[in-house]
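Structure first, then comments.
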Amino acid sequence: EVVTQGREYPIFYLPENTDVKLRMQSTDVIHSFWIPEFRTKRDVIPNRYTGFGIKTPKLTKYDSYIYRDKETGEETEMLGRDMWIFCAEYCGDEHSRMAATLRIVPQEIYEQKMAEWGVQLSPIETGEKIYNQICMSCHAIDGTKLVGPPWNSATLDGHEFGYGYDVTLEDGSTHPRDANYYRESILDPNAKIVAGYAPAMASYQGQLSDEQIDGLIAYIQSLSDRGPAPAEGEETEAGTDQAEEAAGSES
């Protein structure tokens with residue numbers, strides 16, 4: 001959906017009275033995510049995740065926005081609240097076009113919108129699907145040593161593996177296995193070579209979308225005993241329901 005005020009701006013929906021954490025990254029230059037009503041901003045950086053946490057306000061009878069039907073043009077006053085989103089960092093010639101609307105709505109309207117937009121696979125399901133397509137020949141999920149390191153929590157050759165554990169690199173240094181580590185390893189696999197493994201992986205830069213990369217990371221997290229719990233309604237590989245996760249994570 002879009003809202004038209006001189007030009008068209010995209011609309012992002014969130015439910016009222018809800019804690020939300022966005023995980024963001026830029027595909028070009030440094031931007032700054034700014035919602036003036038929350039009086040804070042956060043840099044968005046190429047090839048790194050940054051987080052932005054908010055709690056959406058509880059709506060009152062005085063909160064409303066005008067919904068315009070795209071087909072009929074009919075306008076209806078709806079319960080909700082619109083907020084501007086801007087880029088607060090001068091980022092180039094198109095900087096003035098970097099704006100959007102954050103629309104806070106009742107939970108039932110939010111769920112209705114998600115259904116209308118065809119939200120399908122969860123991030124974990126997306127990651128598992130990609131794993132089965134292109135990753136399983138090199139990365140095991142049962143602790144087996146293959147061409148690449150295993151993705152699940154495991155101990156091999158005296159080293160611990162899995163999301164949340166430190167990785168030992170070929171130069172003897174260590175680095176935390178966090179979301180940024182996995183993102184970098186997908187896009188630039190030779191940046192940090194794991195001890196005991198050859199630099200055999202090709203880059204997936206330009207081959208996987210941000211959504212697919214996020215899905216792979218969510219799937220890797222689900223395989224670790226140190227990964228965050230899946231969102232409500234999702235399951236781990238063991239099939240056990242987990243507690244609801246605060247939405248997103250950051251770099």
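Under the numbering used here, the first residue of the sequence shown is numbered 1, with each subsequent residue one higher. The C-beta atom is built at its ideal place from N, Cα and C for all residues, glycine as well.
For residue i, does the count of other Cβ atoms within 10 angstroms reach 16, so buried, or fall short, so exposed?
| i | result |
| --- | --- |
| THR126 | buried |
| PHE161 | buried |
| ILE30 | exposed |
| THR56 | buried |
| GLN25 | buried |
| GLY92 | exposed |
| ILE66 | exposed |
| ALA179 | buried |
| ALA158 | According to the sequence provided, residue 158 is Gly. The question's Ala does not apply to it. Result: exposed. |
| GLY233 | Summary for GLY233: the model assigns pLDDT 42, below 50, so the residue's position carries little reliability; its value from the coordinates is reported in the next sentence. With fewer than 16 other Cβ atoms within 10 Å, it is exposed. |
| ASN17 | exposed |
| CYS138 | exposed |
| ASP19 | exposed |
| ALA218 | buried |
If distances are taken between C-alpha atoms only, which option among the options comes closest to residue i?
| i | options | result |
| --- | --- | --- |
| TYR49 | ARG39, SER32, TYR65, LYS70 | SER32 |
| ILE45 | THR60, PHE38, ARG23, GLU37 | ARG23 |
| PRO150 | HIS95, ARG177, SER173, ASP188 | ARG177 |
| ASP171 | LYS192, CYS87, ILE134 | LYS192 |
| GLN133 | LEU208, THR168, ARG103 | LEU208 |
| ARG39 | ASP28, GLY53, SER137 | GLY53 |
| LEU102 | GLN205, HIS159, ARG42, GLU37 | GLU37 |
| LEU223 | GLY206, CYS138, ILE124, ARG183 | ILE124 |
| GLN205 | ALA198, GLY215, ALA218, GLU184 | GLU184 |
| LYS21 | THR168, ILE104, GLY51 | GLY51 |
| THR274 | ILE11, THR18, ASN47 | Because the chain here runs from 1 to 251, residue 274 falls outside it and cannot be looked at. |
| ASP214 | LYS129, GLN112, PHE86, ALA115 | LYS129 |
| ILE252 | TYR110, ARG226, GLU89, GLU71 | Any property of residue 252 remains undetermined from this structure, which presents the chain solely from 1 to 251. |
| PHE225 | THR155, GLN112, ALA88, LYS70 | Here the sequence assigns Asp to residue 225, which means Phe is not the residue at that position. Ranking the options by Cα distance to ASP225, first place goes to THR155. |
| ILE141 | LEU216, GLN112, TRP34 | LEU216 |
Per the DSSP calculation, residue i is bridged to which residue(s)?
| i | result |
| --- | --- |
| SER122 | In the DSSP output, where bridge partners are listed per residue, SER122 has none listed. |
| LEU102 | PHE12, MET83 |
| PHE33 | ARG42, CYS87 |
| VAL194 | LEU169 |
| PRO176 | ASP166 |
| GLU75 | ARG68 |
| ASP19 | LYS55 |
| HIS159 | LEU156 |
To the nearest angstrom, how far is the alpha carbon of residue i from that of residue j?
| i | j | result |
| --- | --- | --- |
| ILE220 | GLN120 | 19 Å |
| GLY73 | GLY80 | 19 Å |
| GLU245 | PRO228 | Interpretation of GLU245 is limited by its pLDDT of 34, a score under 50 that renders its predicted location unreliable; no figure is taken from the coordinates. |
| THR76 | ARG68 | 7 Å |
| ALA200 | VAL147 | 8 Å |
| TYR9 | MET83 | 12 Å |
| GLU237 | LEU187 | Low confidence applies to GLU237: its pLDDT is 41, below 50, so where it sits in the model is not reliable, and the reading given next is rough at best. Cα to Cα, the separation comes out at about 25 Å. |
| GLN107 | GLY196 | 50 Å |
| LEU14 | ASP43 | 21 Å |
| THR168 | HIS95 | 41 Å |
| VAL105 | GLU116 | 15 Å |
| MET114 | LYS70 | 18 Å |
| TYR90 | GLN212 | 29 Å |
| ALA88 | LYS41 | 8 Å |
When you compare the CB of residue i with every CB in chain C, is at least one pair closer than 7 Å?
| i | result |
| --- | --- |
| PHE86 | Note that chain C does not occur in the displayed structure, where there is just one protein chain. |
Heavy atom of the ligand COA less than 6 Å from the Cβ of residue i, yes or no?
| i | result |
| --- | --- |
| MET201 | With respect to the ligand COA, the structure shown offers nothing to examine, as it has no ligands at all. |
- On the three-pair Cβ rule with 8 Å, is the stretch 58-66 touching the stretch 179-192? no
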